[in-house]
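Okay, structure first, notes after.
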Amino acid sequence: MKILVTGGTGYIGSHTVVELQNKGFEVVIVDNLSNSKKEVVDSIEKITGTKPVLEVFDLVDREKTADFFKRHNDIKGVIHFAAYKAVGESVQKPLMYYRNNLVSLMNVMESMIENNIDNLVFSSSCTVYGQPDELPVSENAPIKKAESPYGNTKQIAEEIIADTVNVEPIKTIALRYFNPIGAHDSALIGELPLGVPNNLVPFITQTAIGIREQLSVFGEDYNTPDGTAIRDYIHVVDLAKAHVIAVNRMIEGNMKKDFEVFNLGTGNGYSVLEVIKSFEKVSGQKLNYKIVDRRPGDIEKVWANPDFSNRELGWKAERGLDEMTLSAWKWEKALRNNQTES
Ligand code: UFG
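Following my numbering, the numbering of the sequence shown begins with 3 at its first residue and continues without gaps.
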C-alpha cells in the first residue's frame, strides 16, 4: 500500500518513513530539501533495507504537484509534514511562512481530491493551545490567538482542513505534537538543524560536543517548581509510530468523524533544568549553561492530556526522558564522527 510522505527527509518525516516501511507500507517522499538532505534516504535504507522513492520538488508549485499526483494516483494516503517550522524566522518572514505552509497544503488537498485520494494525516502542533487555562491540555481546549506566524499557519491549516472535509470526500487526522526530541536507536537519522539551533535539545547536544560555547536557559522566574519553563518532550520514534496508527485507522475505516484531532504527548512535563540534568546524567558530560532573560513569545508551561489518543488510537508514548536525551546525544556524536570522516 503506497503512502506519500511530504517532508519525508525531515526530522519527524524520516522517522515516520522508517516506521511505515517497517510495517510493510510502500513510501514515496516528496521534499524540496529546503531543510534536509537527500542522503537521508540512504540512511533509511540502511535501517529498513528499502530505499524510499524521493521526488525533489516544491509542493507550492501547483503544476508540479498535480503532475506528481497524476503519476502516483495509486497512493492510498498522504502524511503532510512539509512545512517551515522556525518560530523566530516566521516573525521575520511572515509571508514566506504563510505561502509555504498554506499553499502547499492546499495544493496537496486539491490534488488528492482530483485523484480520489481520501486519507490525509496533517502535522499540527500544541502551539495552537498557546498558554492553556487548564493543564494537562486536552484536544477540546480553546484555540488561543497564535503567538507567531508559524503557529498561525497551523491554526489556519486546521481551519482549511475542517472546511474542506465538510464538502469533499477527504478525511483528515491532525496530530498536535508536543515537543519532539531524540533520534532513532541506530543513530542513522535524527534532527539536522541548519545553523544555530533554536530548540533546546539540539542546543544542549551541540554545546556538549563543543560546537556551541554555552547554552542559555531562557528564564528562571516562571511559576514552576524550579522557575524554568515546562514542556512535554516526546521521543520522535514514539511520535512516528502514532502516524502509522493514524494511517491504519483511516484506511481501515475506523474514524469516528471526518476530521479528528489528537494530542501527541507523554502527559509528563519537564522543566528546562530537568532536561539538562537528564542529559548530564546519561552523557556523563557537565553542560556549560547560564540563566538569561526569558525568550519573548515563550509560554510558561504546557503538557498534554494524552488520554484521548491513548484510548482512541491505542497508542502510548513509551520512552522516558533519559532515553530521549541519550538518543539525542548518540545521534550528535554519530553526526560529528561522520563529518570528520568524510
Ligand atoms: N530553551 C532554552 N534555551 C534554548 C532553547 C530553548 O532555555 O537555547 C527553552 C525554551 O525557552 C523553552 C524550552 O527550552 O522553555 C523548549 O524550547 P524549544 O525551542 O525546544 O521548543 P518550544 O517549546 O519553544 O516549541 C516551539 C514551538 C512549537 C514548535 C517547536 C519546534 O512552540 O510549535 O518550537 O520548532 F513545534
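From the three backbone atoms N, C-alpha and C, an ideal C-beta is built for every residue, glycine too.
Can you check which of these residues, E215, V32, V219, is closest to L202 by C-alpha distance?
V219
Bridge partner(s) assigned by DSSP for L217:
Y291
Suppose contacts are defined by Cβ-Cβ distances below 8 Å. Is T268 in contact with A330 by that definition?
no
Where does A148 fall in DSSP's three states?
coil
For E262, count neighbouring Cβ atoms within 10 angstroms of its own Cβ and tell me buried if that reaches 16, exposed if not.
buried
Given the structure, does R338 come close to ligand 1, in the sense that its CB is under 7 Å from one of the ligand's heavy atoms?
no
So does A231 have its beta carbon nearer than 7 Å to some heavy atom of ligand 1?
yes
Identity of the residue in K39, K4, I49, V32 nearest V20 by Cα
I49
Residue from N118, V239, E325, R297 whose Cα sits closest to the Cα of V284
E325
Beta strand (DSSP E) runs contained entirely in the stretch 41-106, provided each spans 3 or more residues:
55-58, 77-82
Is the beta carbon of A164 less than 8 Å from the beta carbon of S126?
no
For R178 and V139, I'd like the C-alpha separation in whole angstroms.
11 Å
Judging by CA-CA distance, which residue of P134, G316, Q157 is the nearest neighbour of A143?
P134
Got a sec: does ligand 1 put a non-hydrogen atom nearer than 7 Å to the Cβ of G184?
no
Run the CB neighbour count on N339, radius 10 Å, all protein chains shown included, and call it buried at 16 or more, exposed below.
exposed
Taking its Cβ as the centre, do 16 or more other Cβ atoms sit within 10 Å of S344, making it buried, or is it exposed?
Note that S344 scores 48 on pLDDT, short of 50, meaning its location in the model is unreliable; the coordinates nonetheless yield the value given after this. Per the 10 Å Cβ criterion, exposed.
Three-state secondary structure assigned by DSSP to L137:
coil
For Q216, which residues in the same chain have their Cβ closer than 7 Å to its Cβ, ignoring the five residues on either side in sequence?
T209, N290, Y291, K292
Does the Cβ of G132 have 16 or more other Cβ atoms within 10 Å, making it buried, or fewer, making it exposed?
buried
Reduced DSSP category for H245 - H, G, I as helix; E, B as strand; rest coil:
helix
In terms of alpha-carbon separation, which member of T52, L107, E136, K4 lies closest to N307?
E136
Excluding the five sequence neighbours on either side, which residues of its own chain have a C-beta within less than 8 Å of the C-beta of L323, listed in chain order?
Y235, N270, Y272, E276, V277, S280
Who are L173's beta bridge partners in DSSP?
Checking the sequence shown, residue 173 turns out to be Lys, not Leu. According to DSSP, K173 bridges with N121.
Considering only C-alpha positions, which residue in the set E116, I31, V89 is nearest to L56?
I31
With DSSP as the reference, identify every bridge partner of T226, one or two as the case may be.
Its beta-bridge partners do not exist; DSSP assigns none.
Three or more beta-carbon pairs under 8 Å between the stretch 238-245 and the stretch 179-189, yes or no?
yes
Is V32 near ligand 1, going by C-beta to nearest heavy atom under 7 Å?
no
First and last residue of the alpha helix (DSSP H) that includes K279?
274-285
Around the C-beta of M252, are 16 or more other C-beta atoms found within 10 angstroms, so that it is buried, or is it exposed?
buried
Going by DSSP in three states, L6 sits in which element: helix, strand or coil?
strand
C-alpha distance - E1 paired with A231, whole-angstrom precision:
The requested residue 1 is not part of the displayed model; the chain covers only 3 to 344.
Would DSSP call T264 helix, strand or coil?
For the sequence presented, residue 264 should be read as Phe rather than Thr. If DSSP states are grouped into helix, strand and coil, F264 belongs with the strands.
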